[in-house]
Amino acid sequence: MIKVVRVASQEEGGQEALAILKEKLAAGAQTLGLATGSSPLGFYEAVRASDLDFSHLTSVNLDEYVGLAADNPQSYRYFMEENLFQAKPFKANYLPNGEAADLDAELARYQEILEAHPVDLQILGIGRNGHIGFNEPGTSFDQITQVVDLQPSTIEANARFFDKIEDVPTKAISMGISDIMKAKTIVLFAYGADKADAIAGAVNGPVTEELPASILQNHPEVYIFADDAALSKLEA
Ligand code: GLP
1 MIKVVRVASQ EEGGQEALAI LKEKLAAGAQ TLGLATGSSP LGFYEAVRAS
51 DLDFSHLTSV NLDEYVGLAA DNPQSYRYFM EENLFQAKPF KANYLPNGEA
101 ADLDAELARY QEILEAHPVD LQILGIGRNG HIGFNEPGTS FDQITQVVDL
151 QPSTIEANAR FFDKIEDVPT KAISMGISDI MKAKTIVLFA YGADKADAIA
201 GAVNGPVTEE LPASILQNHP EVYIFADDAA LSKLEA
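Under this note's numbering, the first residue of the sequence shown is numbered 1, with each subsequent residue one higher.
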């Protein structure tokens with residue numbers, strides 16, 4: 001079931017999600033599923049400003065670009081270090097290794113990590129085309145961790161973080177949709193008019209692999225924190 005919560009700002013969305021995190025930690029949550037992109041930034045800011053201690057927690061991230069080193073500022077490992085891990089040390093932080101020489105072995109390694117660390121609370125953004133993680137439209141709902149060819153629209157959307165579009169990697173390792181759906185609770189952030197179609201489809205549309213986030217309708221506990229612009233195409 002999806003609960004849509006209208007928020008005035010990323011800051012308010014971050015505070016609302018922080019309250020959910022606190023509730024889940026009090027109930028014994030051990031593993032956080034984390035996401036990159038601009039949408040979760042308000043949440044990470046709220047977490048950094050909190051007095052929460054994560055030294056007993058494990059994190060697993062959704063995805064990582066293939067071919068970027070961990071110390072490349074565009075890598076998702078770097079993003080996580082900057083926005084969360086340096087301020088809030090965890091017991092362990094797992095991300096796919098985008099530099100692995102043997103990608104098949106890396107997929108197997110990551111799948112084992114996910115199996116050993118069931119996610120209590122999964123943080124998500126959403127792509128303009130409704131992708132979650134890097135699971136692009138057309139991805140099977142049964143998909144596990146895989147190497148993904150990024151769609152031109154995703155490469156374009158993410159080019160703003162790179163000097164030039166040619167620098168954006170064309171492949172990523174991403175947790176699969178079936179992995180994401182195993183999380184006990186899911187919190188998705190969406191801000192801005194660019195996300196309005198994706199949110200309307202995810203919440204009101206048919207559950208279809210053409211819009212990966214629509215599968216969230218089948219999950220027992222999903223919160224979407226979104227602003228007016230992102231909710232502008234939602235039915236009342
Ligand atoms: C990327 C990430 C997704 C993220 C999406 C939206 O493609 N792999 O995890 O949700 O972008 O990003 P943003 O929040 O910056 O709009």
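Quick reminder that beta carbons are idealized off the backbone N, C-alpha and C, glycines included. Just so we're clear, the structure is a prediction, and the values are computed from it rather than from any experiment.
With H, G and I counted as helix, E and B as strand and the rest as coil, what does DSSP make of residue i?
i           : result
residue 191 : coil
residue 128 : coil
residue 74  : coil
residue 115 : helix
residue 34  : strand
residue 226 : strand
residue 50  : coil
residue 147 : strand
residue 39  : coil
residue 171 : strand
residue 59  : strand
residue 105 : helix
residue 83  : helix
With 16 as the cutoff for other CB atoms within 10 Å, does residue i come out buried or exposed?
i           : result
residue 207 : exposed
residue 75  : buried
residue 127 : buried
residue 235 : exposed
residue 210 : exposed
residue 163 : exposed
residue 3   : exposed
residue 131 : buried
Per DSSP, which residues does residue i bridge with? Please list them.
i           : result
residue 110 : Looking at the DSSP assignment, residue 110 forms no beta bridge with any residue, so it has no partner.
residue 21  : Bridge partners of residue 21: none, in fact.
residue 185 : 121
residue 6   : 226
Would you list the residues whose beta-carbon is nearer than 6 Å to any heavy atom of the ligand GLP, in the order they occur in the chain?
Spelled out in chain order, the answer is 35, 36, 37, 38, 39, 62, 63, 125, 126, 127, 133, 134, 154, 158.
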